[in-house]
């Protein structure tokens with residue numbers, strides 16, 4: 001079945017071109033972000049732009065390496081690589097070095113490596129391998145568990161390294177699963193959970209309970225299609241609330257209001273469940289389960305948020321949800337970042353003319369906030385060009401993904417797409433204040449060997465697979 | 001085989017949507033919204049104020065009166081402060097731990113990023129010690145300022161003082177910022193415009209840690225501070241000092257003016273204070289002590305105290321009488337110990353009788369001036385007493401009474417020259433008679449004048465009919481000139497020919513023989529003809545105030561002086577010899593009869609003098 005083809009002619013040169021363009025622009029902006037009068041030589045290896053030049057050179061070697069391997073190696077060794085990565089993620093927890101509060105680095109002879117960056121590739125490969133296995137049906141409980149295990153195990157280990165940002169990246173695989181046919185109800189359920197999560201943090205508990213009950217009643221009405229049943233249910237609940245209020249008032253029980261709501265809900269739901277059972281009204285038990293599930297979930301979110309999350313994580317989420325405004329505290333980064341980007345104007349201040357990024361107003365301006373340098377020095381022209389360039393890359397990746405004959409290649413392609421899309425969306429989004437400050441790099445742009453290499457490997461494995469798409473049929 | 005291929009379009013849509021939203025957001029952020037551009041320039045540029053040295057103040061002879069000394073404000077940048085050795089810090093700056101804690105908190109509350117003042121006006125010695133160890137205290141830096149220094153303890157009221165601007169001043173004048181200094185009284189206030197100079201600004205690029213990265217645009221937009229102009233006062237510091245020493249045990253005021261120019265040679269108000277008390281960190285504390293002092297040392301009596309002119313005012317009535325052609329040098333009135341009309345009687349002292357105009361001034365006869373004043377008001381030229389009174393008032397005001405003289409002091413009192421409406425109200429009728437207001441004849445009653453106005457009146461007499469608006473500054477260095485009002489003759493309504501008999505009378509009041517009734521014989525100076533007039537201002541609260549006005553020499557006068565001594569009794573006793581000493585000091589620079597100095601120094605008329613030791617030095 002195999003036919004030998006010249007992989008160079010089947011190489012997706014558009015993607016390669018975009019890749020090199022992004023790396024080059026990225027390097028120029030790292031130079032601008034770090035630039036100072038004392039170190040002007042681009043080969044000054046004490047400076048970040050000098051080092052990045054080394055990483056870029058190394059990336060070229062890696063590309064050749066990736067291409068010279070047999071195309072079947074990737075699917076064949078997918079689980080092995082994945083297992084190795086899990087091992088490294090465990091090892092880094094024990095032997096790793098802590099940088100900025102995250103124990104996610106190996107240090108060997110002055111070179112630092114971040115296994116979590118490479119774990120993404122392994123996960124994408126492993127997921128592709130699993131989903132392309134013979135006779136795997138995605139919408140079975142067995143598959144759910146396996147997929148969840150493959151995706152969430154590295155995520156959990158990275159979370160243990162205290163690197164929340166990188167851990168969240170694994171949720172991006174939802175796109176892969178969606179494309180591969182994950183049931184809509186599961187997605188809807190996931191979406192519902194996220195909405196509840198946000199509401200649990202934003203709203204008061206009492207209002208949340210009322211809201212849940214109200215929504216449950218409306219759904220009941222829609223499903224049941226009988227106004228009478230809806231009104232009876234509403235009346236039962238209202239009466240139990242009023243009676244409990246009266247009791248509380250006259251007996252001086254001093255119960256907090258939301259306990260009253262909960263007890264009222266308990267009493268009225270038992271009453272109605274009995275009535276429903278007697279009159280054979282449909283959907284009641286399911287809805288009640290759903291309602292209680294939602295309430296328990298929101299309460300546990302609240303508990304989790306206040307008891308498990310670190311204060312800085314709480315703050316980030318709060319700032320994002322608009323619950324806290326603190327331009328000089330946690331919001332400082334975002335505020336400074338917005339100032340830097342905003343001050344660029346339409347045409348920017350010009351190369352090396354940025355004042356905000358140059359004088360350290362913007363934190364991490366060569367890594368996570370590299371986009372600010374573009375915004376300040378190249379203006380709207382620069383930022384819209386970069387966003388467009390990323391869009392070109394992403395759309396091209398969809399084209400590549402869809403033209404794959406083998407499921408493995410397609411799933412892997414969507415894995416690459418999902419990871420890049422997530423990184424780009426979150427990174428640019430946080431610099432312009434649309435996303436929470438989650439410390440993840442901008443692909444191909446941000447300073448750092450691990451991130452550049454991992455994105456390079458991620459992308460070029462796909463290009464290697466793509467070049468051989470006519471050979472790989474399964 | 002692939003039944004979910006349609007979902008790729010949903011993914012495409014999602015990616016496109018995110019891209020679209022981000023580009024729109026970037027467009028808003030970078031193109032439409034201009035707020036971030038402003039914030040960016042504030043963020044990175046630090047405007048550092050360069051404080052100019054305030055102009056110096058000299059006296060009329062070029063002696064330095066006020067200069068500047070370097071002082072150093074310790075500034076704090078709360079964000080950079082790290083835990084430091086507070087014990088050492090405290091010992092250098094002579095503060096305590098509590099001060100540090102409180103002020104760091106205060107600075108943090110003001111701004112975490114902007115520097116604010118931590119400790120004001122540290123001495124150069126403490127600064128030198130701190131400078132060496134400043135590296136141990138990150139977040140602190142030193143801002144050089146200047147504070148006022150005085151060459152003597154004198155002339156505090158003239159020079160005035162400098163203090164921090166308050167909210168109101170900042171609102172009314174854009175130039176001043178919180179923490180700036182401004183002249184609050186005296187020359188410092190009146191000539192603030194020239195003395196203050198111009199603040200400069202240097203624009204520096206700073207990074208987020210407030211570290212200076214160099215000048216912005218190579219200093220192209222920097223403005224250099226312009227040093228304040230020096231001001232030369234009209235004060236003769238030697239005369240001022242001499243007068244203050246003579247007055248040290250007395251309460252009152254002395255104002256000396258050069259008649260030919262209106263320049264104030266000395267302006268004394270006692271009790272006074274050492275100007276050094278109102279400088280620097282001790283200012284507020286001392287100011288409050290001075291404010292509470294029952295003798296009111298901060299109160300500038302020369303400008304702000306209002307007394308009746310007493311008998312000195314007779315010379316004005318003599319001049320008005322002549323101008324109104326109801327009094328002539330030969331006019332004689334007899335005096336039998338007082339002015340009696342029906343049941344009304346105004347007493348006079350014993351002197352020869354009858355007296356003509358010259359003799360009436362020499363003897364300061366009350367009776368004579370009751371006649372003069374009534375003939376002015378009952379002049380048949382005017383349809384009514386009220387009209388005649390208006391005319392009289394007009395003459396009086398032409399000497400600078402009843403309104404501020406518009407000198408270069410900011411806080412002059414207007415004084416009081418009663419109007420006919422005032423008497424309408426007092427007598428509840430417009431038909432009051434000249435006898436109803438007779439006390440004005442001898443400068444009592446509803447008249448109120450300040451010592452400055454009295455000195456100015458004396459200058460007008462010395463000039464025989466005009467004066468120059470008194471002023472305290474002679475010259476401003478640089479291309480500035482004084483307001484032109486100070487160079488314009490202010491003519492009185494009296495023709496110069498009418499002054500001769502009055503001046504003659506004043507000459508005799510001083511230089512006639514004592515037995516002949518000269519009231520001011522104690523003002524005699526050998527070889528100099530002093531012309532003077534005594535007065536006594538009735539004081540309902542205690543002993544009368546002693547007044548004396550004089551100018552000398554008689555021809556081409558060089559100095560006109562007015563002396564008020566509170567509770568001094570008759571003008572000839574204390575005020576006249578004091579004026580004599582001042583005149584002699586100014587004209588001869590030597591004192592022919594030094595025993596007068598002791599005579600005055602031993603006159604403990606003040607209940608209790610201000611004890612300087614009460615104040616922080």
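Chains as they are written, first to last, in the working numbering: chain A, 1 to 474; chain B, 1 to 617. Note that CB positions come from ideal geometry on N, CA and C, so glycine has one too. Predicted, not measured: the structure shown is a model, and the values here were computed from it.
Of all the residues that make up the segment 26–38 of chain B, which are near chain A by a beta-carbon distance shorter than 8 Å? 26, 27, 29, 30, 31, 33, 35, 36, 37
With respect to the alpha helix (DSSP H) encompassing residue 304(A), which residues constitute its N-terminal and C-terminal limits? 284–307
Chain A partners of residue 219(B), CB-CB under 8 Å? When 8 Å is used as the limit between beta carbons, residue 219(B) is near no residue of chain A, the shortest such separation being about 16 Å.
Compute the Euclidean distance between the alpha carbons of residue 104(A) and residue 249(A), then round it to the nearest angstrom. 56 Å
Whole angstroms is fine: what's the gap from residue 477(A)'s alpha carbon to residue 460(A)'s? There is no way to answer for residue 477(A), as the model of chain A reaches only from 1 to 474.
Would you mind working out which of 60(B), 414(B), 104(B), 216(B) sits nearest residue 257(B), comparing C-alpha positions? When only C-alpha atoms are compared, the closest one is 60(B).
Look at the alpha carbon of residue 384(A) and the alpha carbon of residue 145(A), and state the distance between them as a whole number of angstroms. Going by the C-alpha atoms only, they are around 41 Å apart.
Could you name each continuous beta strand (DSSP E) segment of 3 residues or more that falls completely within the segment 60–136 of chain A, going from the start of the chain to the end? 97–99, 102–108, 111–113
Measuring alpha carbon to alpha carbon, tell me which of 235(A), 451(A), 401(A) ends up nearest residue 128(A). Here the closest residue by C-alpha is 401(A).
Considering only the beta carbon of each residue, do residue 198(B) and residue 226(B) sit closer than 8 Å? yes
Please go through the same chain and pick out, in chain order, the residues whose beta-carbon is closer than 6 Å to the beta-carbon of residue 494(B), but skip the five residues on each side of it. Counting only Cβ-Cβ distances below 6 Å, and skipping sequence neighbours, we find 319, 323, 465.
Suppose you measure from the CA of residue 328(A) to the CA of residue 189(B); what does that come to, to the nearest Å? For residue 328(A), the pLDDT reaches just 47, beneath the cut-off of 50, and the residue's location in the model is therefore unreliable, although a value from the coordinates is still provided. Approximately 42 Å between the Cα atoms of the pair.
Suppose the cutoff is 6 Å on Cβ atoms and the five residues either side in sequence are ignored; what does the same chain contact list for residue 184(B) look like? 161, 163
For residue 459(B), three-class secondary structure by DSSP: Three-state result, residue 459(B): helix.
Are residue 706(B) and residue 400(B) close, meaning C-beta to C-beta below 8 Å? There is simply no residue 706(B) to check, as chain B begins at 1 and stops at 617 in what is shown.
Closer than 9 Å at the beta carbon, the chain B residues around residue 412(A): The contacting residues do not exist; residue 412(A) stays about 15 Å from chain B at best.
Classification of residue 598(B) by the beta-carbon crowding that lies within 10 angstroms, buried from 16 upward: exposed
Kindly give me the distance between the Cβ atoms of residue 305(A) and residue 314(A), rounded to whole angstroms, as I take these residues to be in contact under 8 Å. Contact check for residue 305(A) and residue 314(A): beta-carbon distance about 6 Å, within the 8 Å limit, so the pair qualifies.
Given a cut-off of 8 Å, decide if residue 142(B) and residue 71(B) are closer than it, judged by their beta-carbon atoms. The answer is no: Cβ separation not under 8 Å.
What residue range does the alpha helix (DSSP H) around residue 373(B) cover? 366–377
Residue 423(A), enclosing alpha helix (DSSP H) - first and last residue: 407–431
Straight-line gap, residue 152(B) to residue 90(B) (C-alpha atoms, nearest Å): 33 Å
Residue 74(B) vs residue 107(B) beta-carbon contact at 8 Å: For residue 74(B) and residue 107(B), no; Cβs fall outside 8 Å.
Would you kindly report the start and end of the unbroken alpha helix (DSSP H) that includes residue 283(B)? 283–292
Give a yes or no on whether the C-beta atoms belonging to residue 74(A) and residue 123(A) are separated by under 8 Å. Contact: no.
Cβ-Cβ separation, residue 315(B) to residue 563(B) (assumed contact under 8 Å), whole Å: Cβ atoms of residue 563(B) and residue 315(B) stay farther apart than 8 Å, at about 15 Å.
Assign residue 510(B) to one of two classes, buried (16 or more other C-beta atoms within 10 Å of its C-beta) or exposed (fewer than that). buried
Could you work out which residue in 409(A), 293(A), 223(A) is closest to residue 76(A) when comparing CA atoms only? Residue 409(A) is the option with its Cα nearest to residue 76(A).
For residue 485(B), write down the residues that DSSP places opposite it in a beta bridge. Beta-bridge pairing links residue 485(B) to no other residue.
Name the one or two DSSP bridge partners that residue 490(B) has. 467(B)
Segment contact, 8 Å Cβ cut-off, at least three pairs: the segment 268–284 of chain A with the segment 216–232 of chain A: yes
CA-to-CA distance, residue 421(A) to residue 171(A), given in whole angstroms: 11 Å
Within 8 Å of any Cβ in chain B, is that where the Cβ of residue 434(A) sits? yes
Closest by CA to residue 34(B), which one among 240(A), 344(A), 198(A)? 344(A)
I need the straight-line Cα distance from residue 496(B) to residue 469(B), nearest angstrom please. Approximately 18 Å between the Cα atoms of the pair.
Does the segment 530–550 of chain B come close enough to the segment 567–587 of chain B to have 3 or more Cβ pairs within less than 8 Å? yes
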